[in-house]
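In my numbering, the protein residues as written are 2 to 268.
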DNA sequence: TCCTATGTTGTATG
DNA sequence: ACATACAACATAGG
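Right, dumping it as structure tokens:
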């Protein structure tokens, strides 16, 4: 499920646990979501610690706890965070449970493309510190986008939008939404976009991020019917702007939806 | 049975 | 070294 806005929504779900002590930590230490992470150290440091704060950037979340602990969570394709009643018994897909007095904070992920990271220290760990500048930050400039597209000149623009090192937090549906709004065919080689088109792309990146955060990021509510979003998966779905039948094809290994009435291969 | 899935990463090739 | 394409990861649900 999770792209920028969904990640922000899931982050907030654990808010009831902030400022509260972690009494017990339950893990499936052999689960793939712990790949590259010392699950034992995580349990040792977080048991008895107080959960202090949380933040989300791109598709990454960080939860900070007393003892300079940094708990990182990436939801992958199917990860989610929930709050369960105290004493929750972990199910097969509940790979991390932070048991507190009044509740259990649960991370579950059946497909296990997600990831749990852990570090201690004053300085933020690399997986948090080295994320690309947010699309809604000042560092996300038209010039930076143009330079990036120039280097990926032969790659379809759809695939380029999924590259986290320049478009942090963008995933499959957001990329399609952005291209639809910018009226750009997803198969256009990144290097073929005109300066005007790059400007449009840049603007729609920001627009989709901010509006997705305002809707999905707050309440998980579906965006309105005026977006591509609610139509993209339905068979016989129609473009909300042109009324033409939407098309779905695989581009860059991902199913891509666009409106042929609006998005054409020539500039 | 077969297909798809809102993600990343390792590997092969140019 | 860099850009590009694609299989692999693991599981559920239609």
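Ideal Cβ positions, reconstructed from N, Cα and C, are used throughout, including at glycine.
Note that the structure is a prediction, hence the values are computed from the model and not measured.
Residue i, DSSP secondary structure in three states
{"i": "residue 3", "result": "coil"}
{"i": "residue 185", "result": "coil"}
{"i": "residue 35", "result": "helix"}
{"i": "residue 14", "result": "helix"}
{"i": "residue 9", "result": "helix"}
{"i": "residue 52", "result": "strand"}
{"i": "residue 168", "result": "coil"}
{"i": "residue 152", "result": "helix"}
{"i": "residue 266", "result": "coil"}
Near the ligand SAM: residue i beta-carbon under 7 Å from a heavy atom
{"i": "residue 165", "result": "What this structure holds is no ligand at all, so the ligand SAM is not there to describe."}
For residue j and residue i, the rounded distance between their alpha carbons
{"i": "residue 196", "j": "residue 226", "result": "30 Å"}
{"i": "residue 14", "j": "residue 235", "result": "29 Å"}
{"i": "residue 280", "j": "residue 39", "result": "One cannot answer for residue 280 here, as it falls past the ends of the chain, which runs 2 to 268."}
{"i": "residue 120", "j": "residue 244", "result": "51 Å"}
{"i": "residue 7", "j": "residue 154", "result": "30 Å"}
{"i": "residue 47", "j": "residue 70", "result": "7 Å"}
{"i": "residue 113", "j": "residue 4", "result": "16 Å"}
{"i": "residue 129", "j": "residue 122", "result": "13 Å"}
{"i": "residue 25", "j": "residue 53", "result": "16 Å"}
{"i": "residue 203", "j": "residue 146", "result": "7 Å"}
Nearest residue (CA-CA) to residue i, options the options
{"i": "residue 102", "options": "139, 19 and 35", "result": "19"}
{"i": "residue 151", "options": "119, 127, 193 and 170", "result": "193"}
{"i": "residue 80", "options": "90, 107 and 228", "result": "107"}
{"i": "residue 66", "options": "56, 118, 168 and 51", "result": "51"}
{"i": "residue 218", "options": "258, 90 and 57", "result": "57"}
{"i": "residue 210", "options": "190, 179 and 233", "result": "179"}
{"i": "residue 169", "options": "75, 248, 90 and 91", "result": "75"}
Sequence-distant residues of its chain with Cβ nearer than 7 Å to residue i (five each side left out)
{"i": "residue 216", "result": "222 and 224"}
{"i": "residue 42", "result": "119"}
{"i": "residue 265", "result": "186"}
Cut-off 8 Å between Cβ atoms - residues of its own chain near residue i, not counting five sequence neighbours on either side
{"i": "residue 88", "result": "100 and 105"}
{"i": "residue 200", "result": "143"}
Neighbourhood of residue i by C-beta distance below 6 Å, restricted to the same chain and skipping five residues each side
{"i": "residue 55", "result": "12 and 64"}
What residue ranges within the region 75-130 form continuous alpha helix (DSSP H) runs of no fewer than 4 residues, ordered along the chain? 127-130
Could you name each continuous alpha helix (DSSP H) segment of 4 residues or more that falls completely within the region 175-263, going from the start of the chain to the end? 196-220
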